[in-house]
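Trainee: Take a look at this one; I'll ask things after.
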Amino acid sequence: MYLELARRNLGRAKMRSALAVIGILIGVMAIASIGIFSESLKATVMENFQDLANELIVTPAYSQGYLSIDERTVSKLRKIPYAESIIPIKSYTELLDYRGKKVPVNIFGIDYVEELFEVEKGGIRRGEAVAGSKIAERLNLRIGGKIIIKGEEFRISGILKEEGARFDINPNNAILISIEDFGKLKDAEYSKVIVKVESLEYIEAFKKSVDRIINSREEKVSVFELKMIIERIEDVFGQMTIFLMAIAAVSLFVAGVSILNIMLMSTIERTKEIGVMRAIGAYRGTILRIFLTEALILGVAGSIIGGVLSLAGGYAIDMLVLGSAKYIFQASSVLYIVEGILFGIATALVSAAYPAWKASRLEPIEALRYE
Amino acid sequence: MIRLVDVTKVYRSGAYEVVALNGVSMNVETGEFVAIMGPSGSGKSTLLNLIGCLDKPTEGKVFINGVDTSQLSDKGLTELRRDTIGFIFQQYNLIPTLTALENVELPTIFKGASKLERRKRAEELLSIVGLEDEMHRKPSELSGGQQQRVAIARALANNPSILLCDEPTGNLDTKSGKAVMEIIRKLNEEEGVTVVLVTHDPSVAEFAERIYKIIDGVITDVS
Chain X
1 MYLELARRNL
11 GRAKMRSALA
21 VIGILIGVMA
31 IASIGIFSES
41 LKATVMENFQ
51 DLANELIVTP
61 AYSQGYLSID
71 ERTVSKLRKI
81 PYAESIIPIK
91 SYTELLDYRG
101 KKVPVNIFGI
111 DYVEELFEVE
121 KGGIRRGEAV
131 AGSKIAERLN
141 LRIGGKIIIK
151 GEEFRISGIL
161 KEEGARFDIN
171 PNNAILISIE
181 DFGKLKDAEY
191 SKVIVKVESL
201 EYIEAFKKSV
211 DRIINSREEK
221 VSVFELKMII
231 ERIEDVFGQM
241 TIFLMAIAAV
251 SLFVAGVSIL
261 NIMLMSTIER
271 TKEIGVMRAI
281 GAYRGTILRI
291 FLTEALILGV
301 AGSIIGGVLS
311 LAGGYAIDML
321 VLGSAKYIFQ
331 ASSVLYIVEG
341 ILFGIATALV
351 SAAYPAWKAS
361 RLEPIEALRY
371 E
Chain Y
372 MIRLVDVTKV
382 YRSGAYEVVA
392 LNGVSMNVET
402 GEFVAIMGPS
412 GSGKSTLLNL
422 IGCLDKPTEG
432 KVFINGVDTS
442 QLSDKGLTEL
452 RRDTIGFIFQ
462 QYNLIPTLTA
472 LENVELPTIF
482 KGASKLERRK
492 RAEELLSIVG
502 LEDEMHRKPS
512 ELSGGQQQRV
522 AIARALANNP
532 SILLCDEPTG
542 NLDTKSGKAV
552 MEIIRKLNEE
562 EGVTVVLVTH
572 DPSVAEFAER
582 IYKIIDGVIT
592 DVS
């Protein structure tokens, strides 16, 4: 009955009620759409990193004066369980000669290239070289082309797919050859070792083993986990999302103020009615409830419509900014919609709290006399 | 039933003080029909509001069924109004969004009656005041006389023992006014409801057994 009473009271000023609903709707839509967009943005960025989460980078302990990792350390690393693969890498910069053009490039000595990178054209062959996408483009390298490094001739057997931002090694501007071939060019120890553990939960165990087996007497290597970087990125995105949503929340705040205004007007207009209800036996609490129910109806209507529309809003922003809406229907989108709806309803109730309280505090006789 | 002891009511607005009632004492016994007459501004409505627990006296005490109302909390006063007192106002004061039936149901809803119970009671009361065919109309679709009859039905919803009427015929034509007064008289005579009625119309006051005359906040005559 109170619900019905509230519904009819709202129906008395249809335009006003509709505007309040629209206010809440816009606020909820802004919050939820931005939430959905932030989540899509994060997912798009994370796409590049997700498969790196189980990677550890072992580097020389530069702070202790170590500049490279020796063969013994690598073989010790190989003995630690939990590792799916151990990929030691040697690197240095050298002039590359291709059809008479000489340019400096990074030379990586690395076996098992396919475990880290994707080959776009051609393949990997023993004794031949693989080129990174940028250098291949810059020098117009072709499969089967011959390059000369420090007097050694290599045939290009494959070209890698362009890699996004990577924290381990970036092959885009590099020529990759096997460790054995690298030895012909330069006598160097390893510059880093990339370790892939079987599962994320082994990361800690692996690090402890490194400390026990390799760093027991002095720190020879540092272990750097990509998981930490990913977590850091997630943190940053979390903060960005909160910031964006706070901006969107301003619109919800404005909607709240408009509900406050509407409800205050409504209590003034209905002062006499409130007096009548008090005279015929309504408690203060009953009056409070009637007004809060009205706000609840406004809040629920606006929030639910806004929640549904935020999918469209999220889609629009995603298409506009990311050019793709493939991450719209994630579980997190639903979470943001629910969050937006709850915020919307809460805003309506909080805004109505003061007018409702004021209405309930009216003295019956004062209210009845009001004209 | 109703007892006022030395009741004074002073209104303050800014620097002004208006003495609406000045040391009024009166008794109304159960089942009595009492009229309070006086010119406008004499304090008669104030007196009725004090009896109806809508207002509190500045000095003196109001007893309803032996209960000192000054000792009651807001909740206690609300329950007293809801269960013991029925109000009829000059302006009818129906809730415009509710139908006649729903208006009559309202006090029973406040009391927490079941849906079936309150529906039955409201229908019964509306047929007593002769509005069984207008139950589902909104107040704006009813004539003044019909609205006042809905208001009477509403006042009776929780079976009160006291009916307080503030110029109940003030806005009605003679014929409707008479019909309303007949209903009130019948309630008093047949149901034993105590009636206190405020009016400045002598023909309305005639229905009462006793008439208090009040001028400038003081009872000047009882007849």
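So the protein lines, in turn, are chains X and Y. According to the numbering used here, the first sequence is numbered sequentially starting from 1. According to the numbering used here, the second sequence is numbered sequentially starting from 372. All C-beta atoms, glycine included, are put in the ideal place defined by N, C-alpha and C.
1) If isoleucine 179 (chain X) sits next to isoleucine 110 (chain X), beta carbons under 8 angstroms apart, how far is it from one beta carbon to the other, in whole angstroms?
2) Quick check: alanine 406 (chain Y) and isoleucine 554 (chain Y), are their CB atoms within less than 9 angstroms of each other?
3) Any residues in the stretch 259 to 271 of chain X with a beta carbon nearer than 7 angstroms to a beta carbon of chain C? Which ones, in chain order?
4) Please name the residue in X:Lys90, X:Ala53, X:Tyr82 whose C-alpha comes closest to that of glutamate 71 (chain X).
5) Verify the CB distance criterion: does tyrosine 283 (chain X) have a CB-CB separation below 9 angstroms to chain Y?
6) Kindly indicate which residue of X:Tyr2, X:Asn215, X:Ala255 has the alpha-carbon position closest to the one of valine 58 (chain X).
7) Over the uninterrupted beta strand (DSSP E) stretch that includes isoleucine 480 (chain Y), give me the two end residues.
8) Counting only beta-carbon separations shorter than 9 angstroms, does lysine 280 (chain X) have a partner in chain Y?
9) Would you decide whether aspartate 318 (chain X) is buried or exposed? Buried here means 16 or more other CB atoms lie within 10 Å of its CB.
10) Report yes or no: do three or more beta-carbon pairs, one from the stretch 517 to 526 of chain Y and one from the stretch 437 to 444 of chain Y, lie closer than 8 angstroms?
11) Leaving out five residues before and five after threonine 401 (chain Y) in sequence, what residues of the same chain have Cβ atoms less than 8 angstroms from its Cβ?
12) Of all the options X:Met29, X:Ile229, X:Arg7, which has the alpha carbon lying nearest to the alpha carbon of valine 308 (chain X)?
13) Going by beta-carbon coordinates alone, are serine 266 (chain X) and alanine 18 (chain X) separated by less than 9 angstroms?
14) With distances taken Cα to Cα, identify the nearest neighbour of serine 444 (chain Y) among X:Val334, X:Arg284, X:Ser333.
15) For methionine 397 (chain Y), name the three-state secondary structure that DSSP assigns.
16) If isoleucine 328 (chain X) sits next to tyrosine 315 (chain X), beta carbons under 8 angstroms apart, how far is it from one beta carbon to the other, in whole angstroms?
17) For alanine 359 (chain X), which residues in the same chain have their Cβ closer than 6 angstroms to its Cβ, ignoring the five residues on either side in sequence?
18) Just the Cα atoms here: how many angstroms apart are asparagine 170 (chain X) and phenylalanine 37 (chain X)?
19) Closer than 7 angstroms by beta-carbon distance: list the chain X residues that pair up with lysine 415 (chain Y), in chain order.
20) Kindly say whether arginine 12 (chain X), judged by its beta-carbon, lies nearer than 9 angstroms to any beta-carbon of chain Y.
21) Counting only the same chain and skipping the five closest in sequence on each side, list residues whose C-beta sits under 6 angstroms from that of lysine 196 (chain X).
22) Is the Cβ of proline 467 (chain Y) closer than 9 angstroms to any Cβ of chain X?
23) Could you tell me whether any Cβ in chain X is nearer than 9 angstroms to the Cβ of threonine 565 (chain Y)?
24) Would you call serine 68 (chain X) buried or exposed, if buried means 16 or more other Cβ atoms sit within 10 Å of its Cβ?
25) Please determine, among X:Lys42, X:Glu225, X:Arg155, the residue with the shortest C-alpha to C-alpha distance to leucine 322 (chain X).
Mentor: On the basis of the supplied data:
1) One-based indexing of the first sequence puts residue 179 (chain X) at position 179. One-based indexing of the first sequence puts residue 110 (chain X) at position 110. Sure, about 7 angstroms apart at Cβ, within 8 angstroms.
2) The residue you call residue 406 (chain Y) lines up with position 35 of the second sequence. The residue you call residue 554 (chain Y) lines up with position 183 of the second sequence. Against a cut-off of 9 angstroms, the Cβ pair of isoleucine 554 (chain Y) and alanine 406 (chain Y) comes out as no contact.
3) Among the chains of the structure shown, chain C does not appear; the protein chains present are X and Y.
4) Within the first sequence, residue 71 (chain X) is the residue found at index 71, counting from 1. When only C-alpha atoms are compared, the closest one is X:Lys90.
5) Numbered from 1 along the first sequence, position 283 holds the residue referred to as residue 283 (chain X). For tyrosine 283 (chain X), the answer is yes, since a Cβ of chain Y falls inside 9 angstroms of its Cβ.
6) Position 58 of the first sequence, counted from the start, is the residue given in the question as residue 58 (chain X). When each option's Cα is compared against that of valine 58 (chain X), the closest is X:Asn215.
7) As a working note, residue 480 (chain Y) is residue 109 in the second sequence. Where isoleucine 480 (chain Y) is concerned, there is no enclosing beta strand (DSSP E), although the alpha helix (DSSP H) it sits in stretches over 471 to 482.
8) Here the question's residue 280 (chain X) lines up with position 280 in the first sequence. What sits at residue 280 (chain X) in the sequence shown is isoleucine, not lysine. Closer than 9 angstroms: yes.
9) Here residue 318 (chain X) refers to the residue found at position 318 of the first sequence. Aspartate 318 (chain X) comes out buried.
10) As far as the Cβ criterion goes, the stretch 517 to 526 of chain Y does not touch the stretch 437 to 444 of chain Y, which means the pair count is below three.
11) Position 30 of the second sequence, counted from the first residue, corresponds to residue 401 (chain Y). Result list for threonine 401 (chain Y): Met372, Ser532, Gly563, Thr565, in chain order.
12) The residue given as residue 308 (chain X) occupies position 308 in the first sequence. Minimum Cα distance to valine 308 (chain X) is reached at X:Met29.
13) Here residue 266 (chain X) refers to the residue found at position 266 of the first sequence. Here residue 18 (chain X) refers to the residue found at position 18 of the first sequence. Not in contact: serine 266 (chain X) and alanine 18 (chain X) (Cβ atoms no closer than 9 angstroms).
14) Your numbering for residue 444 (chain Y) matches position 73 in the second sequence. Ranking the options by Cα distance to serine 444 (chain Y), first place goes to X:Arg284.
15) The sequence position of residue 397 (chain Y) within the second sequence is 26, counting from 1. In the structure shown, methionine 397 (chain Y) sits in a strand (DSSP, three-state: E or B).
16) Position 328 of the first sequence, counted from the first residue, corresponds to residue 328 (chain X). Position 315 of the first sequence, counted from the first residue, corresponds to residue 315 (chain X). That belief holds up - the Cβ atoms of isoleucine 328 (chain X) and tyrosine 315 (chain X) are roughly 6 angstroms apart, short of 8 angstroms.
17) Along the first sequence, one-based indexing puts residue 359 (chain X) at 359. Cβ within range, chain order: Thr267, Ile274, Ile287, Phe291.
18) As a first step, residue 170 (chain X) is located in the first sequence; it is residue number 170 there, counting from the start. As a first step, residue 37 (chain X) is located in the first sequence; it is residue number 37 there, counting from the start. Approximately 29 angstroms between the Cα atoms of the pair.
19) As a working mapping, residue 415 (chain Y) is identified with position 44 in the second sequence. Chain X residues near lysine 415 (chain Y): none, gap ~15 angstroms exceeds 7 angstroms.
20) In the first sequence, residue 12 (chain X) corresponds to position 12, counting from 1. Cβ-Cβ to chain Y under 9 angstroms: yes for arginine 12 (chain X).
21) Walking along the first sequence from the start, residue 196 (chain X) turns up at place 196. Counting only Cβ-Cβ distances below 6 angstroms, and skipping sequence neighbours, we find Asn54, Glu55, Glu84, Ser85.
22) On the second sequence, position 96 is the one that residue 467 (chain Y) refers to. Taking a beta-carbon distance threshold of 9 angstroms, proline 467 (chain Y) counts as an interface residue toward chain X.
23) As a working mapping, residue 565 (chain Y) is identified with position 194 in the second sequence. So, not an interface residue.
24) Taking the first sequence and counting its residues from 1, the one referred to as residue 68 (chain X) is at position 68. The residue is exposed, with fewer than 16 neighbouring Cβ atoms inside 10 Å.
25) Counting from 1 along the first sequence, the entry for residue 322 (chain X) is found at position 322. Looking at the Cα atoms, X:Lys42 is the closest of the given residues.
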